[in-house]
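Residue numbers (this note's numbering): 187 to 561. Built from N, CA and C at the ideal position, the CB exists for glycine as well.
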């Protein structure tokens with residue numbers, strides 16, 4: 187029998203942390219729970235995820251299959267497995283495989299298809315774009331036009347029929363992140379459609395940012411730049427800037443975020459109240475201590491940021507539900523964490539967070555869900 191945990195009575199009131207120029211509450215509370223866990227002992231981060239014909243699809247991603255981390259000599263391994271969950275109270279099944287092991291690309295759900303953009307594996311970064319459909323118990327995969335260049339750790343979002351892809355990393359050993367900004371209209375025939383190279387945002391290059399769309403505009407939040415420390419090593423510079431792109435008008439800089447949300451679930455969630463919610467992310471406060479903390483790392487941010495485009499203002503809208511048990515250091519997957527490098531998927535009226543990284547090198551098979559805007 188599949189285990190299913192439902193957290194009842196968890197009411198997370200808004201505006202729990204004071205922030206300058208806060209706004210009125212966009213939502214009342216969130217109700218958190220879990221779907222059946224992905225059938226893998228360690229789980230995956232960087233998976234593609236979306237919905238096809240009413241079923242939830244999670245494909246690819248990477249983990250450390252011996253449960254270790256870089257400090258133990260463990261090797262990061264990518265998967266090609268495609269998992270499908272047809273009903274929220276059902277069982278995951280392995281329904282197929284990607285053309286190759288792959289993860290850390292951009293996921294978009296469009297017309298009953300999961301569209302996967304770019305990504306990486308042990309061999310490097312890729313520009314491939316594929317469509318995954320699930321119907322009558324079978325997976326079908328088709329090829330779409332390649333991106334202009336290989337990319338991993340990008341962010342992207344869908345506005346109508348148009349997908350926007352921003353930033354990322356072209357090669358695994360690059361010393362600078364990318365400043366690309368591209369779009370493609372998925373409604374055009376595959377044989378004639380082409381990528382459009384657009385003007386980049388007026389700010390630093392970045393990877394692991396968060397994208398979102400609202401009322402036809404594209405939003406780019408946070409991310410990390412790469413900086414050469416002068417000693418041959420590359421360090422991350424965490425960003426808390428934000429930008430809006432409107433077709434025909436171009437870019438404009440927005441109010442800075444209260445803190446960075448690097449690698450937060452992508453895309454940001456567009457609410458009915460014309461707000462954008464960003465769930466968690468790495469705020470960078472422990473980045474210098476990660477190598478020392480190792481398995482004692484407490485995890486990433488569980489705060490939910492809300493952006494109000496009408497007021498150009500930020501607020502803290504609540505927290506991702508977490509539950510850390512006494513054995514959290516030695517048995518991390520027995521606890522509930524706030525994940526990063528995961529995809530946010532809207533499925534059956536709920537926001538789904540399938541897997542992800544919960545502390546450095548540790549993945550989770552848990553699949554969190556939340557019902558937003560309950561009243």
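Looking from the CA of residue 224, the closest CA among 243, 321, 383 and 372 belongs to 243. With a threshold of 16 other beta carbon atoms within 10 Å, residue 374 falls short and is exposed. Inter-segment contact for the region 321 to 337 and the region 487 to 500 is absent: fewer than three beta-carbon pairs are separated by less than 8 Å. Residues of the same chain with a CB within less than 7 Å of the CB of residue 262, apart from the 5 flanking positions on each side, are 248 and 250 in chain order. Here DSSP, grouped into helix, strand and coil, assigns residue 481 to helix. Of all alpha-carbon atoms in 358, 539 and 345, the one lying nearest the alpha-carbon of residue 450 is that of 539. The criterion of a C-beta distance shorter than 8 Å is satisfied by residue 424 and residue 446.
The shortest CA-to-CA distance from residue 337 to any of 351, 329, 323 and 355 is the one to 355.
Here residue 519 carries a helix assignment [DSSP, helix/strand/coil].
Out of 291, 295, 299 and 300, the CA that lies nearest to the CA of residue 313 is found in 291.
By the neighbour-count criterion, in which 16 or more other beta carbons inside 10 Å mark a residue as buried, residue 420 falls on the exposed side. Remark: C-beta atoms of residue 481 and residue 515 approach each other more closely than 8 Å.
Pairing residue 537 with residue 405 gives a Cβ-Cβ distance that is not under 8 Å.
With respect to the 8 Å criterion, residue 254 and residue 245 are not classified as neighbours on the basis of their beta carbons.
Every unbroken stretch of the beta strand (DSSP E) spanning 3 or more residues and falling wholly within the region 217 to 289 is given here in chain order: 234 to 238, 241 to 245, 267 to 271 and 279 to 283. Closest option to residue 453, judged by alpha-carbon separation, among 498, 257, 265 and 466: 466. The beta carbons of residue 460 and residue 394 sit about 26 Å from each other, so the pair does not count as a contact at 8 Å. Ranked by Cα distance from residue 502, the first of 258, 325, 509 and 464 is 464. For residue 476, the secondary structure class from DSSP, reduced to helix, strand or coil, is helix. DSSP places residue 441 in the coil class of the three-state scheme, outside both helix and strand.
Following the DSSP letters along the chain, one finds residue 423 inside the beta strand (DSSP E) bounded by residues 420 to 424. Boundaries of the beta strand (DSSP E) harbouring residue 494: 487 to 494, taken from the DSSP string. Counted as a single uninterrupted DSSP element, the stretch harbouring residue 337 is not any beta strand (DSSP E), since DSSP gives it neither H nor E.
A residue is called buried once 16 or more other Cβ atoms fall within 10 Å of its Cβ, and residue 376, having fewer, is exposed.
Scanning 409, 546 and 416 for the CA closest to the CA of residue 478 turns up 546. The three-state secondary structure of residue 307, taken from DSSP, is strand. Between residue 233 and residue 485, the gap from beta carbon to beta carbon reaches 8 Å or more. A contact is defined here as three or more CB-CB pairs under 8 Å, and the region 262 to 271 meets this definition with respect to the region 281 to 289. Ranked by Cα distance from residue 238, the first of 410, 448, 317 and 358 is 317. Checking the DSSP bridge columns, you'll see residue 432 partnered with 436. Residue 506 sits in coil when the DSSP states are folded into three classes, being neither helix nor strand. In the DSSP secondary-structure assignment, residue 399 is bridged to 404. Check the Cα spacing between residue 381 and each of 555, 218, 352 and 256: the tightest is with 352. In the DSSP assignment, residue 462 is bridged to 456 and 493. Around the beta carbon of residue 343, 16 or more other beta carbons sit within 10 angstroms, so the residue counts as buried.
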